[in-house]
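Protein chains in written order, with full-length UniProt numbering: chain A, 1 to 147; chain B, 1 to 147.
For every residue, glycine included, the Cβ atom is placed at its ideal position computed from N, Cα and C.
These numbers come from a predicted model, not from an experiment.
Below: the structure, in structure tokens.
Protein chains: 2
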Amino acid sequence: MAKPPKDNSPITEHLAYLLAQANREINRQLEMRLSKEGVPVEQWRILKVLSDGNGHSMGELADAVLLNHPTLTKMVDRMVSDALVYRVQDPKDRRKVLMFVSDRGKALSKRLNSLAVSQEEHILESYGDKSTNELKRLLESLIDSSN
Amino acid sequence: MAKPPKDNSPITEHLAYLLAQANREINRQLEMRLSKEGVPVEQWRILKVLSDGNGHSMGELADAVLLNHPTLTKMVDRMVSDALVYRVQDPKDRRKVLMFVSDRGKALSKRLNSLAVSQEEHILESYGDKSTNELKRLLESLIDSSN
DNA sequence: TGGAAAATATTGAATATTCAACAATTGAAG
DNA sequence: CTTCAATTGTTGAATATTCAATATTTTCCA
């Protein structure tokens with residue numbers, strides 16, 4: 001029944017390709033919206049994760065926002081310069097640094113969230129509730145099955 | 001019924017995030033396999049697309065392999081150095097360059113294809129035929145609905 | 001306890017990507 | 001026809017990412 005792609009089947013039959021293509025497109029759309037605030041998608045993720053108010057270590061944060069450690073360090077440097085977030089040494093484990101969002105970061109985060117939500121609404125409209133939910137469910141379960 | 005995420009809902013409820021996460025994971029796995037041949041995922045895509053034997057312009061190719069034009073130009077430069085592909089000026093339209101795969105490129109492409117196929121087989125096993133096919137179908141239709 | 005190994009974050013050099021400008025060719029309008 | 005705009009691909013500078021090495025702190029265990 002379900003077969004893997006053959007050597008000579010088009011690249012568009014590969015799950016890896018379809019994921020890359022869909023991700024590229026959706027990410028590009030989100031990027032366009034967030035550009036209103038002059039902020040890359042990754043900074044939205046960082047602010048959103050930190051918005052729970054709890055301190056998050058750089059390692060935790062890197063996992064959560066899908067960035068490598070050095071990339072995150074440098075992006076956080078910029079955000080600290082912009083006074084969006086700040087670092088605190090973790091008193092329980094002094095190897096760690098805990099990241100927090102500033103008031104300015106919280107305000108920006110709110111504006112970014114509404115831009116992101118409005119994108120999701122747009123997707124729901126053009127793609128449909130049913131498909132969207134089913135796709136989310138399948139993606140979650142793919143991620144689960146990959147760990 | 002199906003609602004978009006709220007401002008304060010976790011980032012994991014956003015389609016954009018789930019796509020990025022799944023793409024990152026699957027891409028990383030593919031990258032691992034292809035590293036046996038010392039080749040990045042993008043070069044597999046390029047070789048696969050060119051393997052139809054027809055010449056493809058840089059613009060076409062950039063779209064097909066999900067790369068920006070300058071990035072593609074530079075990657076193709078490397079592949080030309082490695083004698084995997086070659087450029088031919090399009091006689092019909094001399095602004096264009098047609099890309100072709102060399103014999104060496106074809107041989108490499110075959111080896112890369114089996115690595116990629118074996119990854120798909122692995123996904124089918126752990127994730128299931130049904131889910132895989134359904135996910136592919138939904139991704140295709142998401143991409144369609146985004147154009 | 002003492003010292004080696006692991007975990008965490010950062011840095012700097014090497015690499016890759018992107019943006020804006022450019023060159024060449026074609027298309028289109030007057 | 002001729003000129004101006006649009007298309008195609010490349011280049012170089014600016015920017016961003018990654019890899020390997022480092023510093024610091026903690027954990028483990030002999």
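With contacts defined as CB atoms closer than 8 Å, M75(A) and L67(A) qualify as a contacting pair. When rounded, the separation of the alpha-carbon atoms in N133(B) and I143(A) is 16 Å. L108(B) is a Cβ neighbour of L47(B), given a cutoff of 8 Å. The beta carbon of N8(A) sits closer than 7 Å to no other beta carbon from its chain once the five residues preceding and following it are set aside. Nearest C-alpha to K110(A) among R137(A), L84(A) and S141(A): L84(A). With respect to chain A, the C-beta atom of T132(B) has a partner C-beta closer than 8 Å. At the C-beta level, R28(B) and S118(B) stay beyond 8 Å of one another.
When Cβ-Cβ separations below 8 Å define contact, Q21(A) makes contact with chain B. The C-beta of L15(B) comes closer than 8 Å to at least one C-beta of chain A. Within chain A, no C-beta atom comes less than 7 Å from the C-beta of A107(B); the nearest is roughly 13 Å away. With contacts defined as CB atoms closer than 8 Å, L50(B) and V97(B) fail to qualify as a contacting pair. Ranked by how close their Cα comes to the Cα of S145(A), the residues E140(B), E125(B), S145(B) and R87(B) have E125(B) in first place.
Each residue's CA atom was taken as its position, placing D103(A) and G105(B) some 55 Å apart.
If you check the CB distance, A22(A) and L19(B) come in under 8 Å. L112(A) and E37(A) have their C-alpha atoms roughly 7 Å apart. According to the DSSP assignment, L98(A) belongs to the beta strand (DSSP E) that extends over V97 to V101. Among the bridge pairs identified by DSSP, Q119(A) is matched with none. By the Cβ-count criterion, E121(A) is exposed, with fewer than 16 other Cβ atoms from all chains shown falling within 10 Å of its own Cβ. Comparing alpha-carbon positions, the option among E42(B), D129(B), E25(B) and S57(B) lying closest to P91(B) turns out to be S57(B). In this structure, the alpha-carbon of E140(B) lies about 13 Å from that of I26(A).
Annotation: the UniProt domain "HTH marR-type" (12-144) of chain A contains the following complete segments of the alpha helix (DSSP H) (minimum length 4 residues), in chain order: 15-34, 41-50, 58-65, 69-81 and 103-127.
For the pair L15(B) and L61(A), the CB atoms are not nearer than the 8 Å cut-off.
Per the C-alpha coordinates, the member of R78(A), P5(A), K130(A) and P10(A) positioned closest to P40(A) is R78(A). Counting every other CB atom within 10 Å of its CB across the protein chains shown gives Q43(B) a total of 16 or more, marking it as buried. Within the region 92-104 of chain B, no residue places its CB atom closer than 7 Å to a CB of chain A.
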